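S.K.: Supplied in structure tokens, the structure appears directly below.
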Amino acid sequence: MGLKINCEACTGCESCVPACPFGLLEVVDDVVRLKDGCTLCGACVEACPSSVLAIEEAAKSAQADTSFQGVWVFAEQHHGQVKSVAYELLAKARELADSLKTEVGVVCIGDKLQDIASLAGHGADKIYLVESPELKGFREDAYAGMLAELIGRYRPEMVICGATPMGRSFLPQVAARLRVGLTADCTALDIDTDKRLLRQTRPTFGGNIMATIICPEKRPQMATVRPRVFKKGKSYPDHRAQIIKVDLSGAAVTSKTKLLEFIEDVSEKVNLDEADIIVAGGRGLGKAENFGLLQELAALLGAALGSSRPPVDEGWLPYSHQVGQTGKTVSPKLYIACGISGSVQHMAGMQTSDVIVAINDDPNAPIFQIATYGIVGDLFKVVPVMIEKLKSQK
Amino acid sequence: MNIIVCLKQVPDTADVKINPETNTLIREGIKNITNPFDTYALEEGVRLKERFGGKVTAISMGPPQAEPMLREAIACGADEAVLLSDRAFAGADTLATSFTLAQAVKKLSPCDLVICGRQTVDGDTGQVGPEMAEVLGVPFLAYVSEVREASEKGVKVKRMVEDGYEVLESPLPAMMSVVKEINQPRLPSLRGQIKAKSAKIPVWGTSELGVSAEAVGLSGSATKVVKIFYPKRESHAHLLSGTPENQAIGLLEKLRESGLITG
Numbered sequence: 001m002g003l004k005i006n007c008e009a010c011t012g013c014e015s016c017v018p019a020c021p022f023g024l025l026e027v028v029d030d031v032v033r034l035k036d037g038c039t040l041c042g043a044c045v046e047a048c049p050s051s052v053l054a055i056e057e058a059a060k061s062a063q064a065d066t067s068f069q070g071v072w073v074f075a076e077q078h079h080g081q082v083k084s085v086a087y088e089l090l091a092k093a094r095e096l097a098d099s100l101k102t103e104v105g106v107v108c109i110g111d112k113l114q115d116i117a118s119l120a121g122h123g124a125d126k127i128y129l130v131e132s133p134e135l136k137g138f139r140e141d142a143y144a145g146m147l148a149e150l151i152g153r154y155r156p157e158m159v160i161c162g163a164t165p166m167g168r169s170f171l172p173q174v175a176a177r178l179r180v181g182l183t184a185d186c187t188a189l190d191i192d193t194d195k196r197l198l199r200q201t202r203p204t205f206g207g208n209i210m211a212t213i214i215c216p217e218k219r220p221q222m223a224t225v226r227p228r229v230f231k232k233g234k235s236y237p238d239h240r241a242q243i244i245k246v247d248l249s250g251a252a253v254t255s256k257t258k259l260l261e262f263i264e265d266v267s268e269k270v271n272l273d274e275a276d277i278i279v280a281g282g283r284g285l286g287k288a289e290n291f292g293l294l295q296e297l298a299a300l301l302g303a304a305l306g307s308s309r310p311p312v313d314e315g316w317l318p319y320s321h322q323v324g325q326t327g328k329t330v331s332p333k334l335y336i337a338c339g340i341s342g343s344v345q346h347m348a349g350m351q352t353s354d355v356i357v358a359i360n361d362d363p364n365a366p367i368f369q370i371a372t373y374g375i376v377g378d379l380f381k382v383v384p385v386m387i388e389k390l391k392s393q394k
Numbered sequence: 395m396n397i398i399v400c401l402k403q404v405p406d407t408a409d410v411k412i413n414p415e416t417n418t419l420i421r422e423g424i425k426n427i428t429n430p431f432d433t434y435a436l437e438e439g440v441r442l443k444e445r446f447g448g449k450v451t452a453i454s455m456g457p458p459q460a461e462p463m464l465r466e467a468i469a470c471g472a473d474e475a476v477l478l479s480d481r482a483f484a485g486a487d488t489l490a491t492s493f494t495l496a497q498a499v500k501k502l503s504p505c506d507l508v509i510c511g512r513q514t515v516d517g518d519t520g521q522v523g524p525e526m527a528e529v530l531g532v533p534f535l536a537y538v539s540e541v542r543e544a545s546e547k548g549v550k551v552k553r554m555v556e557d558g559y560e561v562l563e564s565p566l567p568a569m570m571s572v573v574k575e576i577n578q579p580r581l582p583s584l585r586g587q588i589k590a591k592s593a594k595i596p597v598w599g600t601s602e603l604g605v606s607a608e609a610v611g612l613s614g615s616a617t618k619v620v621k622i623f624y625p626k627r628e629s630h631a632h633l634l635s636g637t638p639e640n641q642a643i644g645l646l647e648k649l650r651e652s653g654l655i656t657g
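So the sequence lines, in the order shown, correspond to chains A and B. Each residue of the first sequence is one higher than the one before, starting from 1 at the first, in our numbering. Each residue of the second sequence is one higher than the one before, starting from 395 at the first, in our numbering.
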């Protein structure tokens, strides 16, 4: 196992050196050398014109089990209502299932679930319902146990789930229980139809590198996908789904943890994950009071209020507003960045937005590199005009 | 309380710059640091030990260069540290990584609480913690922002959920991931630095952990990276010029044309 280097064939051309995302290759005396820390990502193998580099793998005889069939979506719900990310994934699952000529299954776990008919109308062929008063609140271990049990029983070949805080905390437990692979936080999914492989693409290294990942043998193939990466599909009022009420009373439904209290945070009412428009402010706002200006703009646009890290660190806004690698990852239709220079960390959290507007007085701010529309200027002069114009049109 | 804290050494992604011409990373001068989220995990472990007694052991899987990071953890209050390092561990995905780390926890048991950061800044998956909890067969408490109570029997924690906070009670042993709200990590103390200098940090490989090379690293992984590429980052910003008023009006027009705003 490892990266094999055929030193004799190496010409010392250095083509591989910049290809390594981790900077671990160097050429010494015209021969390439590897430093410690290789993750065997294979980027250098492709870059080498002389086929010097190869990833040595143990012979694997196992083939994927083809008895696993169907594309599943875990439909996350909140207070009984299905979240919009479930519909986005359903549209994608429909597309994947059609190309594989298989069916779409949707899993709903909870208590007194609503919107079931609408899931059928959005392309589900089968809906697996697990309802129990004990499953009312989300508990990682109970939900993971249920989903793992269902997968074992019905054997889907793919399972996708929103990369929400909930999906990212419980799907790994399902994967570990089943000992299968799981790709986190994907921003693209496509399929190798012949091999029935799900090609999962995700940003890594703070959004600086993209990696495409497959699960060659283990089934199901599982991925979490960021909200708003896919578009919610059309609804087909005539599409019928078979509803399968699964009785899992035999399996352990109970959680080892106990919910004692829920404290609602009113400042998190506006959900950054699901907002169509986000107005965000950065260090350029200067002080807490100035966020009032952005709040006014946000209210007029029906937008959620976001922030880069400095305002949160300064205490101008609560952490729940922070967008970026250490905050929330968002992908709205419109992201208006005011006074945000665009650190790598911030951009990692919002660069997949459909349209990005940057308002900043520094023409060299990195945010302009990813912006669709840019205004080089004083946000305190530009934003008030926007507010005034929007008001006059109401 | 026996506490194990999981740490990872990562490249400082805050230092990362992109070469606009080649669209590749400029790596010169990028330091290796302790994954920022893990520093909160370590601090919380040390604070719990100070409140309730016991021992904090820092563990990390990584190349031999990760050893100084573990020494720093001792300087910041950890009692002991173990480095999991073996060529066979290379290329591990989250499944193989969580398996390897969980074997180390088992070897260090009895252990009451395992603490990790919510995600690393290089891999960014946030999967290793919950996967480890599953391998260990203990409850996983995600996104903890406050440990309210802890005793032999269990912990009471406050954790972040999408629309607020939950207060949860869990029996021990358990595992938790922490968010940065939880504390302010301390700097190394002088006494800690002296202790760290002479501390013995054992290195465990497959034989010490009693695992086969097939179960770890690339062989033990279920996923496989088939392609690595750089995202397109070509500047195509349409800049709006003129007075602030012209700019504002121009922008609203563009947004209206694209159907992003109405009116």
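The beta carbon of each residue, even a glycine, is placed where N, CA and C say it ideally should be. Computed from a prediction, not measured in an experiment: that's the story for all the values here.
#1: So is B:Leu581 in contact with chain A if we call contact Cβ pairs under 8 Å?
#2: B:Leu633 CB to nearest chain A CB: under 8 Å?
#3: Mind checking which residues open and close the beta strand (DSSP E) that includes A:Asp141?
#4: In its own chain, which residues sit with a C-beta less than 8 Å from the C-beta of B:Arg465, not counting the 5 before and 5 after it?
#5: Assuming the contact rule is C-beta atoms closer than 8 Å, A:Glu103 and A:Gly167 should be a hit. Round their C-beta distance to whole Å, please.
#6: Quick check on DSSP: helix, strand or coil for A:Leu24?
#7: Answer yes or no: does any C-beta atom of chain B fall closer than 8 Å to that of A:Val376?
#8: Should A:Ile116 be flagged as near chain B, meaning a C-beta pair shorter than 8 Å?
#9: How would you write the range of the alpha helix (DSSP H) that A:Gln393 sits in, first residue to last?
#10: Give the DSSP-derived three-state secondary structure of B:Glu437 in the structure shown.
#11: Can you tell me whether B:Val597 is buried or exposed, with buried defined as 16 or more other CB within 10 angstroms of its CB?
#12: Express the C-alpha separation of A:Ala184 and A:Gly407 in angstroms, rounding to a whole number.
#13: Where does A:Cys48 fall in DSSP's three states?
#14: Just verifying my parser: in three-state terms, what is the DSSP assignment at B:Val481?
#15: Please specify which runs of the beta strand (DSSP E), each continuous and at least 3 residues long, are wholly inside the stretch 324 to 362 of chain A, giving them in chain order.
#16: Mark B:Val404 as exposed unless 16 or more other C-beta atoms lie within 10 angstroms of its C-beta, in which case mark it buried.
#17: Can you pull the chain A residues whose beta carbon is under 8 Å from the beta carbon of B:Gly558, in chain order?
#18: Between the alpha carbons of B:Val532 and B:Pro567, how many angstroms are there, rounded?
#19: Which residues does DSSP list as the beta-bridge partners of A:Ala304?
#20: Bridge partners for B:Ala544 per DSSP, in chain order?
#21: Please report the distance separating the alpha-carbon of B:Arg585 from that of B:Ala472.
#22: Which chain A residues are close to B:Ile588, counting only those with a beta carbon under 8 Å from its beta carbon?
#23: Determine the contact status of A:Gly282 and A:Ser308, defining contact as a CB-CB distance below 8 Å.
#24: If I follow the unbroken beta strand (DSSP E) through A:Phe74, where does it start and stop?
#25: Beta-carbon within less than 8 Å of A:Arg179's beta-carbon, same chain only, minus the 5 sequence neighbours each way: which residues are those?
#26: Please find out if some non-hydrogen atom of the ligand ADP comes closer than 7 Å to the beta-carbon of B:Cys510.
#27: Does the CB of A:Lys256 have a neighbour CB from chain B at under 8 Å?
#28: Quick check: what's the CA-CA separation for A:Gly233 versus A:Thr201?
#29: For my contact list, B:Thr617 and A:Ile213 are in at a C-beta cut-off of 8 Å; report their separation, rounded to the angstrom.
#30: Would you please verify whether the beta carbon of A:Glu140 is less than 8 Å from any beta carbon of chain B?
#31: For the stretch 593 to 604 of chain B, enumerate the residues whose C-beta is nearer than 7 Å to any C-beta of chain A, in chain order.
#32: Determine the contact status of A:Pro311 and A:Leu285, defining contact as a CB-CB distance below 8 Å.
#33: With a CB to CB cut of under 7 Å and the five nearest residues on each side skipped, what residues in its chain are close to B:Cys505?
#34: Who are the Cβ neighbours of B:Ile643 in its own chain at under 6 Å, not counting the five residues just before and after it?
M.R.: By the coordinates alone:
#1: No, B:Leu581 lies away from the interface with chain A (no Cβ there is under 8 Å from its Cβ).
#2: At least one chain A Cβ lies under 8 Å of B:Leu633.
#3: Where A:Asp141 is concerned, there is no enclosing beta strand (DSSP E), although the alpha helix (DSSP H) it sits in stretches over 140 to 154.
#4: Excluding residues within five positions, the ones whose Cβ falls inside 8 Å are Ala475, Ala590, Lys591, Ala593, Ile595.
#5: Contact between A:Glu103 and A:Gly167 does not hold, since their C-beta atoms are separated by about 22 Å, which reaches or exceeds 8 Å.
#6: Residue state, collapsed to three classes: coil.
#7: At least one chain B Cβ lies under 8 Å of A:Val376.
#8: So no, A:Ile116 is outside the interface.
#9: Run containing A:Gln393: 379 to 393, per the alpha helix (DSSP H) assignment.
#10: Helix at B:Glu437.
#11: Exposed: under 16 other Cβ atoms inside 10 Å.
#12: Outside the shown range of chain A (1 to 394) lies residue 407 of chain A, about which nothing can therefore be said.
#13: Of the three classes helix, strand and coil, the one that applies to A:Cys48 here is coil, per DSSP.
#14: Here residue 481 of chain B turns out to be Arg, not Val, going by the sequence shown. Assignment of B:Arg481 by DSSP, reduced to helix, strand and coil, places it in the helix class.
#15: Segments of the beta strand (DSSP E) lying fully in the stretch 324 to 362 of chain A: 334 to 338, 355 to 360.
#16: Buried is the label assigned to B:Val404, since at least 16 other Cβ atoms lie within 10 Å of its Cβ.
#17: Phe262, Ile263, Glu264, Asp265, Glu268, listed in chain order.
#18: The C-alpha of B:Pro567 is placed about 6 Å away from the C-alpha of B:Val532.
#19: The beta-bridge partner set that DSSP reports for A:Ala304 consists of A:Ile278.
#20: Bridge partners of B:Ala544: B:Val549.
#21: Between B:Arg585 and B:Ala472, the C-alpha separation is close to 12 Å.
#22: Taking a Cβ-Cβ threshold of 8 Å, none of the residues of chain A is close to B:Ile588; the smallest such distance is about 28 Å.
#23: Contact flag set, yes.
#24: Looking at the DSSP string, the run of the beta strand (DSSP E) that includes A:Phe74 is 71 to 74.
#25: If we look at A:Arg179 and ignore the five residues flanking it on each side, its Cβ neighbours are Lys218.
#26: Absence of the ligand ADP from the depicted structure is noted, as is the absence of any ligand whatsoever, leaving it without description.
#27: Cβ-Cβ to chain B under 8 Å: yes for A:Lys256.
#28: The alpha-carbon atoms of A:Gly233 and A:Thr201 are separated by roughly 21 Å.
#29: With a Cβ gap of about 5 Å, B:Thr617 and A:Ile213 count as contacting.
#30: Taking a beta-carbon distance threshold of 8 Å, A:Glu140 counts as an interface residue toward chain B.
#31: For chain A, none of the residues of the stretch 593 to 604 of chain B brings a beta carbon within less than 7 Å of one of its beta carbons.
#32: If you check the CB distance, A:Pro311 and A:Leu285 come in under 8 Å.
#33: Once the five neighbours on either side are set aside, the close Cβ partners of B:Cys505 are Asn396, Ile398, Val499, Pro567.
#34: Within the same chain, no residue comes within 6 Å of B:Ile643 by CB-CB distance, once the 5 residues on both sides are set aside.
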